[in-house]
Every structure is written in structure tokens, then in C-alpha cells.
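Novice: Have a look at this one before I ask anything.
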Amino acid sequence: MDRLKSLMMMALTVILFTGVAHAQVVRLHQQAKDSSAPGWDEFRDLSERLETLEAENQLLRNEAIPPNDATITVVSQAGYCDSCGDAVCSCGEDANCSWVDQISSACKDRLSWNKGPIRVVPFGYVAADMIFSQKAYTLLGGPLFLLPAVPSETPDSRFTITGQQTTLGALITGPDLGDLKSSATVAFNFFGDRPIQNNPGAFLIFGYAELENDDWRIWAGQDADAVGRQNTNSPAWTSHKMSGNMGQVRPGFRLERYDSFSEFARTSIYFGLTQQVVLDFIALPQVAGSDNGWPNVETRWELSLGPESEGNRPVMLAIGGVIGETRAVDFMRNAESNVSTSWAVIPELHLELGDFGFQGEAFVGNAIGTYNAGIGQSLNPLTDEPIYTVGGFGEFFYHTTPSLTVSVGYGVDDPRNTHLGQNQRSRNETYWTNAIWKISEHWESRFEVARQKTNYIAPSSDSSAMEYLMSFRFYF
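Mind the numbering: the sequence shown is residues -23 to -1, 1 to 453 in mature numbering (1 follows the signal peptide of the UniProt record, and there is no 0), read in order.
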């Protein structure tokens, strides 16, 4: 039965990939046909001029509003980036202009809520995800690792449809502080306060304020980890975390310094104090895990090379590190306390040379489960001792057209077996191939076929499965 389901899912995936490719050909042909139609250039030029004039009029109206009055500016719901006109938007037809950092200031004025010097620009996307796996896994909205195997005669496949990845956020900008631009970012999805327990609810992804200029960035609050910044092109929000992709979100105080040697080379140095978290013992009430009275200390050095385009350069390499302490108090041992050192070293590489690219990272460290390394395991539950682990991922991608990107990748997380207790996970690896299809400025689809294998200290618990993931998103 599992083989039949697997064949059906493979057939469906082939049909979808074939449909994507066919749609690209039809779309490109139709664009070529439309662009040659009589009067198209004249019509577009007139439309752009009218929309540019409308944007300028809106700016004048905004300036005339008393500074203490809260107002909501008019929003163009359909193709707002194109409606601003190329002269002010500078986004190409195939660019994903829905992300805040790619929108021109004129477009931001049209999309924002203003109150005096404060501007609020909403952003995010609505997602519908579909996942089929031959074996049970955690987390429900995106596979992290497979659960222990069950007898072969016991059904263990999983099929999930969820909208928990839907993300709602706002970029808030305020008056400058000297030569520093002030802003704040807030965003959340619906994976709940403890996503691994599969309890849907609001989950805070970002909640930080920052000051930034060409040389410095200072920010405080909850943000993605500033070490291990690479991510895969997976449809799942988990993005192959615990399978070689390190990183999580956590609160902290952070500082980054930028230096440019020339127009083709830039470096940055990051330093941060972040919150240590110990989640290993949630299911063990007799053990309490916590920080040891001081924060994690993080640092990272980055070198970017090549001409800059939209804030990125074609070559980026970096190396980062983290050090901190965890404390485990075992009440079954007369409240005995065991302190362990958390540390990690993380090299990263990102290349984008023409239509081809590569992204990946590696790590080695100790007690770094809350950074999604060690397959989410920091300490041995029997001895409370730290777990040493190594791992990483690599993904090659190719832009077949401006709106279609295909990728192939591999990731692995391999804790040291001698540091593990009974029933702990000893290795987690995944092979995958995926595609991103930007249907339009606001719509995107992602597809992935993956093979995942999770090993346990007890070999009878080892599990492997084929996984098929699809995601449909509407960006705004």
C-alpha cells in the first residue's frame, strides 16, 4: 500500500513539474506575443505616467495632513509595484516586489499607515502547505526528523494540509537618530509557542527595533540567529532544520559593523548577546533546564565579493561562532546541578554566478540543540552531559527562467553516539530536489521530493521515508 501511495505521489509530482515547465513556455510565448501587439508600448508609457503622477499627488496629500492625525493612505491592491511606474519602483516585471526591502519609497507611501513621523508597512504571505510522508515525523507543519519505526504491518504514513506557515508582519519606520535610520520589524506565524509539540497558535518570529546606517547596524529583540544564516529553498518552514541546516530565532542585543574596501568587496563583523534556552527536558518534570546566569556570546565575520545588486553580491563566505552555558537541575538526584558549555563554529558559503548558484553551511559544536543542531538534542537525559555533534548542508540551484528555480541538496546532522542516551536520535540526513515557480508578482508555488532517514541509538527504531511537499503562497 505504501509503495502504491509513493508511486501515486511521484506521478503527481511529475505531472506538476511538467505542468510548470509547460506553463513557462506558454507564458513566455504569450509575453512575446503581447509585447508585439500594436499600441502596447504607448499604452504602458501612458499608464506609467498617470500612475507616477498619482503617486506624486498622494505624497503631496500626505504632506498636507496634520502630523498628529492617524491616517490610512490609499492602497492599490493589484500590482502596486507596476502601478508606481518603473521610474520610481525600479523593479522588473519578474522581480518579487512584494518584499518590503525591494519597494521604493514612493510605493511605501502608498502602502503604509502613517501617524506623524511613524510609518507602518504591512507585509507577509498566506500559505497553504500539503505534505505526504511514508512514515510519521515531527513537526506536523514541516518534517524535522522521523519518529521511531513501528512494525511493518502497522500503518505509519502521514498526510497533512496546513496553513500554519502563513506569516503576517509589519515594518515600522520612524524619525532618524542623527545619521542612523530607525525602524522595527514584527512578524508571526501560527506554529504556536512550542512548535515541536504541534500546538497551533501565534508564534513570534521577529520582534526587534534597530538603528542602521552605511557603517553600523544596532538591533535588539527577537530575530533569526545571526550565525548560520543560510537557508534552503524548501517549501517547508522548517527548511531542513535538524538535518544539517543550523539556526533558530531568539531574543538578544546585537551589533554589526560594515566596511567596504572597494565597490567590489565588503566585510562585516557581528557581535551579539543572546538568550540561552534549554528545551531538552520539557517532557521530564524531574529535570529543569535553564541558562547558567549569563547569555550566549555570538560573533561572525563575513566577506562579500563582486558587484552589488539589490544589497547582495555574487560571492559570500563567512565564519561564525557561539559560546555559552547550560544548567540542568535533576531533582531525582537531590537537586544536583550539572553545568555544560555550549559552543559551535559555523562556516558558510553562498555563490550566485549567473543562473547557477550554491548555498550551504557546516557546523561543529557542543550542546547546541536549541540552534537546531544535534537533531534538537543538547544534553543526555540520563547523565545531563552535553552532546557533541557535526553536520551541515549544501544546495545547488539553477534559475531556468526568471520565474522558475530548481534545486538539489543534501543535509546531515550526526551527534556523537557515545554522548547519547537510550532512545536518542543518532543521525538525521535528507536528500532533496525542489522547484520554486513565481507565477506572478504575488503568487508563488514550491514543490519538493525528499528522502529522509533518521537513526536511533536502538537500531530497531531507525526509520526512513519518501516525502512530498507542496506549498502555494500569496504574498502581499
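Ideal Cβ positions, reconstructed from N, Cα and C, are used throughout, including at glycine.
1. I need the straight-line Cα distance from threonine 303 to leucine 232, nearest angstrom please.
2. From tyrosine 452 to methionine 107, what distance separates their C-alpha atoms?
3. Just checking, does the region 390 to 400 make contact with the region 174 to 190 on the three C-beta pairs under 8 Å criterion?
4. When you compare only the Cα positions, how much space is there between proline 228 and serine 281?
5. If I measure Cβ to Cβ from glycine 155 and keep anything under 7 Å in the same chain, skipping five residues before and after, which residues do I get?
6. At which residue ranges does the region 203 to 259 contain complete beta strand (DSSP E) runs of 3 or more residues, listed in the order of the chain?
7. Quick one: does the C-beta of phenylalanine 424 sit closer than 6 Å to a heavy atom of the ligand SAH?
8. Who are the near neighbours of serine 245 in its chain, counting only those whose CB is closer than 7 Å to its CB and skipping five residues on each side?
9. Are there 16 or more other CB atoms within 10 angstroms of the CB of proline 436, so buried, or fewer, so exposed?
10. Figure out for me which residue from Glu240, Val299, Glu285, Asn222 has the closest Cα to the Cα of phenylalanine 248.
11. Using only alpha-carbon positions, find the residue among Ser317, Gly221, His327, Tyr375 that is nearest to glutamine 253.
12. Could you have a look at isoleucine 345 and say whether DSSP puts it in helix, strand or coil?
13. Here's the rule I'm using: 16 or more other beta-carbon atoms within 10 Å means buried, otherwise exposed. How should tyrosine 375 be labelled?
14. Would you mind stating whether alanine 186 and alanine 161 have Cβ atoms separated by less than 7 Å?
15. Could you check whether proline 358 and glycine 398 sit closer than 7 Å to each other, using their CB atoms as the reference points?
16. In whole angstroms, what is the alpha-carbon distance linking serine 355 and asparagine 273?
17. Would you mind reading off the limits of the beta strand (DSSP E) that contains valine 98?
18. On the premise that valine 383 lies in contact with alanine 412, defined as a C-beta separation below 8 Å, what is that separation, rounded to the nearest angstrom?
19. Does the beta-carbon of tryptophan 414 have 16 or more other beta-carbons within 10 angstroms, so that it is buried, or is it exposed?
20. Exposed or buried, what is glutamate 372 when buried is set at 16 or more other beta-carbons lying within 10 Å of its beta-carbon?
21. Express the C-alpha separation of asparagine 91 and tyrosine 387 in angstroms, rounding to a whole number.
22. Where do the N-terminal and C-terminal ends of the beta strand (DSSP E) with isoleucine 195 fall, by residue?
23. Quick one: Cα of phenylalanine 109 to Cα of aspartate 191, how far?
24. Using the Cα positions of proline 132 and glycine 119, report the straight-line distance between them to the nearest angstrom.
25. Considering only the beta carbon of each residue, do phenylalanine 183 and alanine 203 sit closer than 7 Å?
26. Quick check on proline 436: does DSSP put it in helix, strand or coil?
27. Go ahead and label tryptophan 271 buried or exposed: buried means 16 or more other beta carbons lie within 10 angstroms of its beta carbon, across all protein chains shown.
28. Does DSSP put threonine 131 in a helix, a strand or coil?
29. Between the C-alpha atoms of serine 237 and aspartate 361, what's the straight-line distance to the nearest angstrom?
30. Below 8 Å CB to CB, which residues in the same chain sit around threonine 143 once its five sequence neighbours on both sides are set aside?
31. Report, in whole angstroms, the separation of the C-beta atoms of threonine 431 and arginine 402, which I expect to be a contact under 8 Å.
32. Looking at serine 211: is its Cβ nearer than 7 Å to the Cβ of glutamate 425?
33. Any chance you could list the alpha helix (DSSP H) runs of at least 4 consecutive residues sitting entirely within the region 387 to 425, in chain order?
34. In whole angstroms, what separates the C-alpha of glutamine 336 from that of glycine 346?
35. Please tell me whether proline 291 and glutamate 329 are closer than 7 Å, where the distance is taken between their beta carbons.
36. Confirm, please, whether the CB-CB distance from phenylalanine 122 to methionine 219 is below 7 Å.
Specialist: For this structure:
1. 24 Å
2. 18 Å
3. Not touching, per the Cβ criterion.
4. 26 Å
5. none
6. 226 to 239, 242 to 251
7. The model depicted lacks the ligand SAH and carries no ligand whatsoever.
8. Cβ within range, chain order: Glu233, Arg234, Tyr235, Glu279.
9. exposed
10. Closest by alpha carbon: Val299.
11. Ser317
12. coil
13. Tyrosine 375 sits exposed, since fewer than 16 C-beta atoms from the chains shown fall within 10 Å of its C-beta.
14. In contact: alanine 186 and alanine 161 (Cβ atoms closer than 7 Å).
15. Annotated as proximal: glycine 398 and proline 358, with beta-carbon spacing under 7 Å.
16. 14 Å
17. 95 to 110
18. 5 Å
19. buried
20. By the neighbour-count rule (16 or more Cβ atoms within 10 Å), glutamate 372 is buried.
21. 46 Å
22. Its beta strand (DSSP E) spans residues 193 to 201.
23. Straight through space, the alpha carbons of aspartate 191 and phenylalanine 109 are spaced by roughly 46 Å.
24. 20 Å
25. no
26. helix
27. exposed
28. coil
29. Rounded to the nearest angstrom, the two C-alpha atoms are 46 Å apart.
30. Gly101, Tyr102, Val103, Ala104, Asn166, Phe167
31. 6 Å
32. It is a contact, given that the beta carbons lie within the stated cut-off.
33. none
34. Here the alpha carbon of glutamine 336 sits roughly 22 Å from the alpha carbon of glycine 346.
35. yes
36. Inclusion of methionine 219 and phenylalanine 122 in the CB contact set at 7 Å is warranted, their separation being smaller than that value.
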